Amino acid sequence: MSIPTHRPLPNESWDCTLPGPPSRNNFGSADLNPSGLLAFASGSSVSVVDSRSLQLVATIPLPPSSSSLSPFVTSVRWTPLPLGRDLLSTEPSSSHLILAAADRHGRIALLDFRLRSLILSIDPPDPSSKSGIQDLCWVQVRSDSFHLASISGPSYFSLYNTSSSRCIFKYDASPEYLSCIRRDPFDSRHLCIVGLKGFLLSIKVLGEKDDDVALKELQIRTDCTELLKLEKDAAAAAGGTSSSPASAVFPLYAVRLAFSPLWKNVIYVTFPRELVVFDLKYETTLFSAPLPRGCAKFLDVLPDPNQELVYCAHLDGKISIWRRKE
1 MSIPTHRPLP NESWDCTLPG PPSRNNFGSA DLNPSGLLAF ASGSSVSVVD SRSLQLVATI
61 PLPPSSSSLS PFVTSVRWTP LPLGRDLLST EPSSSHLILA AADRHGRIAL LDFRLRSLIL
121 SIDPPDPSSK SGIQDLCWVQ VRSDSFHLAS ISGPSYFSLY NTSSSRCIFK YDASPEYLSC
181 IRRDPFDSRH LCIVGLKGFL LSIKVLGEKD DDVALKELQI RTDCTELLKL EKDAAAAAGG
241 TSSSPASAVF PLYAVRLAFS PLWKNVIYVT FPRELVVFDL KYETTLFSAP LPRGCAKFLD
301 VLPDPNQELV YCAHLDGKIS IWRRKE
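For the sequence shown, position 95 (counting from the first letter as 1) is numbered 95 according to our numbering, and the numbering increases by one without interruption.
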């Protein structure tokens with residue numbers, strides 16, 4: 001059930017709560033907006049820090065569900081709408097600090113940091129499943145309108161109209177484990193999702209109806225030997241197939257993608273032991289490389305917005321920097 005709402009959250013939640021440390025159960029979820037405000041999940045709360053001054057702006061506990069304590073927050077995303085971002089403005093119409101947050105029980109909330117209110121709450125279709133949200137991403141449908149895309153459970157992609165709080169599209173990619181969803185910087189209507197075995201889903205949202213969503217399935221070739229063993233062990237421990245998201249079932253097996261900000265149709269994908277550069281137009285791998293010597297498994301990937309550099313984070317805390325060969 002989806003619940004549109006607009007009610008203030010308790011002041012003490014905003015003014016007196018200090019964030020706890022993020023844990024593995026938060027899936028490493030964080031997002032930085034253009035004005036330098038860093039939102040990150042910490043336990044069952046969302047914390048916002050000014051990245052320039054390192055001052056804590058707010059910590060917001062997500063309201064608990066009626067049946068249990070608040071679950072861990074697993075994904076956060078700032079709204080991409082190009083509104084004013086002056087944190088000191090007192091003009092009510094300048095409220096812009098809108099954040100989508102999702103949790104381990106599959107709930108999605110829209111929070112307004114300035115008005116200190118919960119704008120929207122979307123419950124999962126089956127609250128008893130508690131499959132959880134793996135990742136969130138905004139996708140443009142009109143010049144002034146964005147829908148919210150999500151990965152839930154191991155394999156579900158959903159698209160929500162946040163004006164009506166209605167799920168307008170759903171796609172099941174099972175038996176794949178979907179890991180990461182990102183928006184194309186060259187086309188805000190285009191998304192890509194990558195799975196743990198290299199399954200790649202290219203999505204284009206052409207309108208606001210369910211038949212306005214175009215999907216294309218691709219495959220990045222990669223070695224899945226380690227994952228197949230982990231899948232077997234996880235199935236034996238759970239007594240069957242798990243309904244949990246990829247990061248809950250395989251917390252140390254991270255697969256991430258990032259669009260190149262400089263080259264159209266090019267994405268960077270990190271598997272635990274491999275970095276891949278993939279061309280979406282020609283559906284082919286342009287480059288691949290194994291782990292650098294002395295580094296633990298890949299954890300995340302981030303291309304430089306101004307130079308042809310790619311930064312990769314590793315599980316041991318190291319960062320490797322890659323440059324395109326001339």
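The beta carbon of each residue, even a glycine, is placed where N, CA and C say it ideally should be. Remember, it's a predicted structure, so these values are computed and weren't measured experimentally.
Rounded Cβ spacing between residue i and residue j (contact assumed at less than 8 Å)
{"i": "Leu257", "j": "Cys180", "result": "5 Å"}
{"i": "Val269", "j": "Val194", "result": "6 Å"}
{"i": "Pro292", "j": "Pro261", "result": "About 23 Å separates the two Cβ atoms, so there is no contact after all."}
{"i": "Ala100", "j": "Val73", "result": "Their Cβ separation, rounded to whole angstroms, is 11 Å, which puts Ala100 and Val73 out of contact at 8 Å."}
Sequence-distant residues of its chain with Cβ nearer than 7 Å to residue i (five each side left out)
{"i": "Trp138", "result": "Arg77, Thr79, Pro80, Phe146, Leu148, Arg183"}
{"i": "Asp31", "result": "Ala39, Val76, Arg77, Trp78"}
{"i": "Thr90", "result": "Legend: pLDDT at Thr90 = 48, less than 50; position of this residue unreliable, no value from coordinates given."}
{"i": "Gln219", "result": "Gly198, Phe199, Leu200"}
Residue i, DSSP secondary structure in three states
{"i": "Asn25", "result": "helix"}
{"i": "Leu178", "result": "strand"}
{"i": "Lys325", "result": "coil"}
{"i": "Asp300", "result": "strand"}
{"i": "Val249", "result": "helix"}
{"i": "Ser45", "result": "strand"}
{"i": "Lys232", "result": "helix"}
{"i": "Leu200", "result": "strand"}
{"i": "Asp103", "result": "strand"}
{"i": "Ala237", "result": "helix"}
{"i": "Glu274", "result": "strand"}
{"i": "Asp316", "result": "coil"}
{"i": "Leu280", "result": "coil"}
{"i": "Glu217", "result": "strand"}
{"i": "Asp135", "result": "strand"}
{"i": "Thr222", "result": "coil"}
{"i": "Asp211", "result": "helix"}
{"i": "Leu62", "result": "coil"}
{"i": "Leu227", "result": "helix"}
Residue i versus residue j: straight-line alpha-carbon distance, rounded
{"i": "Ile267", "j": "Val277", "result": "6 Å"}
{"i": "Phe113", "j": "Gly36", "result": "15 Å"}
{"i": "Val103", "j": "Leu111", "result": "A small fix is needed here, since residue 103 is Asp in this sequence, not Val. Cα-Cα distance, rounded: 13 Å."}
{"i": "Ser174", "j": "Pro61", "result": "32 Å"}
{"i": "Lys318", "j": "Ser164", "result": "44 Å"}
{"i": "Ser188", "j": "Leu228", "result": "34 Å"}
{"i": "Ala214", "j": "Asp279", "result": "19 Å"}
{"i": "Trp322", "j": "Ala58", "result": "35 Å"}
{"i": "Gln307", "j": "Ser320", "result": "15 Å"}
{"i": "Ser121", "j": "Tyr160", "result": "12 Å"}
{"i": "Phe27", "j": "Pro154", "result": "14 Å"}
{"i": "Leu299", "j": "Ser117", "result": "34 Å"}
{"i": "Ala237", "j": "Gly207", "result": "43 Å"}
{"i": "Pro245", "j": "Val255", "result": "13 Å"}
{"i": "Trp263", "j": "Ala234", "result": "38 Å"}
Residues near residue i by beta carbon distance below 6 Å, same chain, minus five either side
{"i": "Ser150", "result": "Ile133, Leu136, Ser158"}
{"i": "Leu97", "result": "Phe113, Arg114"}
{"i": "Gln140", "result": "Phe146, Ser188, Arg189"}
{"i": "Asp210", "result": "Ile168, Phe169"}
{"i": "Asp223", "result": "none"}
The ligand ADP heavy atom lying under 7 Å from the CB of residue i
{"i": "Lys216", "result": "What this structure holds is no ligand at all, so the ligand ADP is not there to describe."}
Contact between the stretch 44-54 and the stretch 18-32 is defined here as three or more beta-carbon pairs at a separation below 8 Å; is this criterion met? yes
Pairs of beta-carbons, one from the stretch 205-221 and one from the stretch 229-242, closer than 8 Å: are there three or more? no
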